[in-house]
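A.B. asks: Note that the protein sequences, when read in sequence, are chains A and B. Mapping the first sequence onto the UniProt record's numbering, position 164 (from 1) lands on 164, and the numbers just tick up by one. Mapping the second sequence onto the UniProt record's numbering, position 316 (from 1) lands on 316, and the numbers just tick up by one. Note that beta-carbon positions come from the ideal geometry of N, C-alpha and C, so glycine has one too. Keep in mind the model is a prediction, meaning the values are calculated, not measured. Quick one: the structure is below, questions incoming.
Number of protein chains: 2
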Amino acid sequence: MKKLERSYIRQILDAINERTISFAGGLPNENLFPVKDLKVATNKVLENPLCLQYSKSQGVEGLREKIADIYTNKFDFPTNKDEILITTGSQQAFDIIAKTFLDKELYVQKPTYIGALSAYKVLDMDIKSFDDLDDLENKLNSTNGFYAMSDFTNPTGRVIDQKRREDVAKILNKKECYFIEDGAYSLIDFNGVIRKPISALYEKSFHMGSFSKIVAPGFRVGWIRAKKEYIDQMMVSKEAVDLHTSTFNQMILDEYMNEFDLFEHIKLVRKEYKSKMEYMAECFEKYIPSFEFKRPQGGMFIYGSFKEDSFELAKKALEVDVAFVPAKVFFHNNQDSNEARFNFTNSTFEQIEQGIIRLAKLLSPNNEIKKECIA
Amino acid sequence: MKKLERSYIRQILDAINERTISFAGGLPNENLFPVKDLKVATNKVLENPLCLQYSKSQGVEGLREKIADIYTNKFDFPTNKDEILITTGSQQAFDIIAKTFLDKELYVQKPTYIGALSAYKVLDMDIKSFDDLDDLENKLNSTNGFYAMSDFTNPTGRVIDQKRREDVAKILNKKECYFIEDGAYSLIDFNGVIRKPISALYEKSFHMGSFSKIVAPGFRVGWIRAKKEYIDQMMVSKEAVDLHTSTFNQMILDEYMNEFDLFEHIKLVRKEYKSKMEYMAECFEKYIPSFEFKRPQGGMFIYGSFKEDSFELAKKALEVDVAFVPAKVFFHNNQDSNEARFNFTNSTFEQIEQGIIRLAKLLSPNNEIKKECIA
């Protein structure tokens, strides 16, 4: 039998109880889901029983058109509906791309998204990393792959800047490896900036997107943007893994975008997340000034460094009912680290302050922490 | 790059147009979907925004409880909620079971479900078959697997009888291979008989089920029933492939079963499908008496044998806008065959008669076919 381990994050999510203040998951704030509008869309969709029937492996046409339009008009990356494959959450994209195109070897950023690591490990892939771009150039070739997040990388929150995007594209065009670019957070820049993906500069690429962070994750609807030839090849894997993504959920999202303005909603999400991020940053600065971090420009996490091993600290934190993710689990080689990731989107202001005070007490049990209103 | 081919059925489904009378898919009748009741359930579920949030990899607890109850009370197979893993359609179960447990070698029935073949081929598995039970006994061992449908096998519609179930269980208990039993049609016996699965007689087994044929496929909700130890191991693969199945769709089905009687609905489906099957059988007997088949006791297909190669016939049939599936594609070794599968659930009585008349004309262009009312 094969040996597989559950992801540490999913284990934490399963372990948290109602007392836990959790900064661990990557959960968006459910109070921001556009439930009222989605209800309108859902009831409209239910007028046609075909919304509950089997449908095409590539995905619902209207939805693919709308996603293509986002690429063309928002990402400055001309795209048509035949270049979009709908997936069951963007998590499934890892599996489909790897099954269809990748051999053994894959390069990732260090640290990187834990879900990508899980998906590739289950496929027995050989996951590797690199130290700098020169190093990367020596390692890529036409049969291996490179996975990266360009915008608000999970976990670090970093953005690959324009100059570096061009450098990466230059390397890719020279080495001709498969490039997988994850855009899960690309539309959540706090100032509304939308950057052109590296994939727009390189043809042998796959750009992954998702409705999970901009509408709601419970639908499990994501997508892959790639050239048509690749989409056609991936459909074989797509139908093998789950035939197609829920017709119902695709049609609801399609109808929601027919009737309502998705980008008006995203504006609201950005604004709310920005204020949560700022509040968490202020709490860290006030209660745990030794925690070193930079305020992110977007996304859902604050990433920083403690003065001590974060894996041990995370275990102790669970005992005082606070959950966060130590960076160790984001490294493909499981290296020790003082760094840690804190999600700020799924907690109230009160919980953010309470949680960080609990952590501060854990770190300095003899110092009395004074709780004051920050804002 | 890997070489993968799209399934013939999905290609047909993509090729059919509004003129085509299609007996090709395995589509349930969308006019039977309990849309009104599902609408009530959906609107109830939407009162809680957590229906659109991420959820646990194993699946929504209430739904797992209800599925476990079906095993215990209907299949005479005692089961609790920890022995159920929710999957994104039962198609995903192939992928998850194989990734978690199987090595290279897998035995299947001949012919067998094409979706199983696709799922295993994408994983580069070595698919084999056997001629009779003695032969099977010589081939199974503790590291390989055996996949079978016991009830209304897709495509043949055959049922493995009680005596043979016990024989298979005896072999399994002796050889200790992994056993994957597909129950997609188990609840659609036209007389309401529900048979105890072979899995109930053998511990190293996985029983797959689905809401696709008994409620609606557009939700993409299926499940695996296995012992808890296996479920825990499969959760690693489940979270790697798509984190979890749509929270929304799981909660709708859970609420639907809270508020309405699933088995009252299934009764309606059985009755309707039985009358469609009988009508198609009468049409074959009348217009194409040379087509040899047995009336199935359940499921969604009539399977039989022409006097000529069915693959060639299926191609010609598409030209007169009739689609059905030649048996060749259900054989893992792609062997030639005169046999073919006809779906009767997704056509009207009128379409069934029209389609078979068109086929009859194709087979005997010089005979004048008289269209008369059969019923």
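Between the stretch 138-146 of chain A and the stretch 170-179 of chain A, do at least 3 Cβ pairs fall closer than 8 Å?
C.D. replies: Yes, they touch.
A.B. asks: Kindly indicate which three-state DSSP category L253/B falls into: helix, strand or coil?
C.D. replies: Looking at L253/B - three-state DSSP - the assignment turns out to be helix.
A.B. asks: Measuring alpha carbon to alpha carbon, tell me which of A323/A, G115/A, F306/A and Y120/A ends up nearest D103/A.
C.D. replies: Measuring from the Cα of D103/A, the nearest candidate turns out to be Y120/A.
A.B. asks: Going by alpha carbons, who is nearest to residue 419/A out of E319/A, N343/A and S364/A?
C.D. replies: The structure shown does not extend to residue 419/A, since chain A is modelled only from 1 to 375, so the question has no answer here.
A.B. asks: Since M280/B is in the alpha helix (DSSP H), which residue starts that stretch and which ends it?
C.D. replies: That run of the alpha helix (DSSP H) goes L262 to Y287.
A.B. asks: Under 7 Å, do I266/B and K74/B count as touching if we go by C-beta distance?
C.D. replies: Their beta carbons are not under 7 Å apart, which means I266/B does not touch K74/B by this criterion.
A.B. asks: Select from the stretch 47-79 of chain A all residues with a C-beta closer than 8 Å to any C-beta belonging to chain C, and list them in chain order.
C.D. replies: Given the protein chain composition of this structure (A and B), no chain C is represented.
A.B. asks: If you compare alpha carbons, which of V35/B, Q91/B and G62/B is closest to S210/B?
C.D. replies: Comparing Cα-Cα distances from S210/B to each of V35/B, Q91/B and G62/B, the minimum goes to Q91/B.
A.B. asks: Measuring straight from C-alpha to C-alpha, what distance separates residue 377/B and T153/A?
C.D. replies: Outside the shown range of chain B (1 to 375) lies residue 377/B, about which nothing can therefore be said.
A.B. asks: Rounded to the nearest angstrom, how far is the Cβ of L136/A from that of Y113/A, given a contact under 8 Å?
C.D. replies: The Cβ separation is near 18 Å, so there is no contact.
A.B. asks: Let me make sure I understand the geometry here. Which of L52/B, P111/B and S186/B has the alpha-carbon closest to that of M300/B?
C.D. replies: When only C-alpha atoms are compared, the closest one is S186/B.
A.B. asks: Helix, strand or coil for E319/A per DSSP?
C.D. replies: If DSSP states are grouped into helix, strand and coil, E319/A belongs with the helices.
A.B. asks: Exposed or buried, residue 397/B, counting other C-beta atoms within 10 Å across all chains shown (16 or more means buried)?
C.D. replies: Outside the modelled stretch of chain B, which goes from 1 to 375, sits residue 397/B, for which no answer is possible.
A.B. asks: So Y303/A and F293/A are supposed to be a Cβ contact under 8 Å. How far apart are they, rounded?
C.D. replies: That belief holds up - the Cβ atoms of Y303/A and F293/A are roughly 6 Å apart, short of 8 Å.
A.B. asks: Please tell me whether A216/A and V122/B are closer than 7 Å, where the distance is taken between their beta carbons.
C.D. replies: Cβ atoms of A216/A and V122/B: not closer than 7 Å.
A.B. asks: Checking 7 Å against the spacing of the C-beta atoms, do L63/B and E30/A come in under that value?
C.D. replies: Against a cut-off of 7 Å, the Cβ pair of E30/A and L63/B comes out as no contact.
A.B. asks: Using CA coordinates, which residue listed in P197/A, R295/A, I224/A and L262/A is at the minimum distance from K81/A?
C.D. replies: Ranking P197/A, R295/A, I224/A and L262/A by Cα distance to K81/A puts I224/A first.
A.B. asks: With distances taken Cα to Cα, identify the nearest neighbour of N48/A among L32/B, I96/B, A68/B and Q53/B.
C.D. replies: Of L32/B, I96/B, A68/B and Q53/B, the residue nearest in Cα terms is L32/B.
A.B. asks: What's the C-alpha gap between V40/A and N17/A?
C.D. replies: In a straight line, the C-alpha of V40/A is about 33 Å away from that of N17/A.
A.B. asks: Could you check whether the Cβ of D182/B sits closer than 7 Å to any Cβ belonging to chain A?
C.D. replies: It does not; no Cβ of chain A falls within 7 Å.
A.B. asks: Cβ atoms of K274/B and F190/B: under 7 Å apart, would you say?
C.D. replies: Their beta carbons are under 7 Å apart, which means F190/B touches K274/B by this criterion.
A.B. asks: Pull up the CB-CB distance for L27/A and N338/A, whole angstroms please, since I reckon it's below 8 Å.
C.D. replies: Not really, about 25 Å apart at Cβ, beyond 8 Å.
A.B. asks: Closer than 7 Å, CB to CB, is P217/B near chain A or not?
C.D. replies: Yes, its Cβ sits closer than 7 Å to a Cβ of chain A.
A.B. asks: Which residue spans inside the stretch 130-211 of chain A form an unbroken beta strand (DSSP E) run of at least 3?
C.D. replies: Listed in chain order, the complete beta strand (DSSP E) runs (minimum 3 residues) inside the stretch 130-211 of chain A are 145-148, 178-182 and 205-210.
A.B. asks: If you count every other CB in all the chains shown that lies within 10 Å of the CB of Q335/A, and 16 or more means buried, which is it?
C.D. replies: Its Cβ having fewer than 16 others within 10 Å, Q335/A is exposed.
A.B. asks: In chain B, which residues lie with their C-beta within 8 Å of the C-beta of residue 433/A?
C.D. replies: The structure shown has nothing for residue 433/A, since chain A only spans 1 to 375.
A.B. asks: In the DSSP assignment, find the beta strand (DSSP E) that holds N80/B and state where it starts and stops.
C.D. replies: Element bounds for N80/B: n/a, residue is neither H nor E.
A.B. asks: Compare the C-beta of V45/A against all C-beta atoms of chain B and say whether one is closer than 7 Å.
C.D. replies: Chain B contact via Cβ: absent.
A.B. asks: V108/B CB to nearest chain A CB: under 7 Å?
C.D. replies: False, the Cβ-Cβ gap to chain A never drops below 7 Å.
A.B. asks: What residue from S55/B, L52/B, E83/B and K56/B has the CA that sits closest to K66/B's CA?
C.D. replies: The residue with the shortest Cα to Cα distance from K66/B is E83/B.
A.B. asks: Given 8 Å as the limit, is there contact between the stretch 225-237 of chain B and the stretch 86-101 of chain B, that is, 3 or more CB pairs closer than that?
C.D. replies: The stretch 225-237 of chain B vs the stretch 86-101 of chain B: in contact.
A.B. asks: What are the complete alpha helix (DSSP H) segments, minimum 4 residues, inside the stretch 11-74 of chain B?
C.D. replies: Those alpha helix (DSSP H) runs which fall completely within the stretch 11-74 of chain B and span 4+ residues are 35-45 and 61-73.
A.B. asks: S142/A versus chain B: which residues are under 7 Å apart at the beta carbon?
C.D. replies: What S142/A touches in chain B: nothing, since even the nearest Cβ is about 10 Å away.
A.B. asks: Could you pull out every residue in the same chain whose Cβ sits closer than 8 Å to the Cβ of M1/A, ignoring the five residues on either side in sequence?
C.D. replies: At M1/A, the pLDDT of 47 sits below 50, so the modelled position is not reliable and the matter cannot be decided from this model.
A.B. asks: For P78/B versus A327/B, is the C-beta distance shorter than 7 Å?
C.D. replies: Contact flag unset, no.
A.B. asks: By the criterion of Cβ-Cβ separation under 7 Å, what are the contact partners of V40/A in chain B?
C.D. replies: By Cβ distance, chain B contributes nothing, its closest Cβ being about 10 Å from V40/A, past 7 Å.
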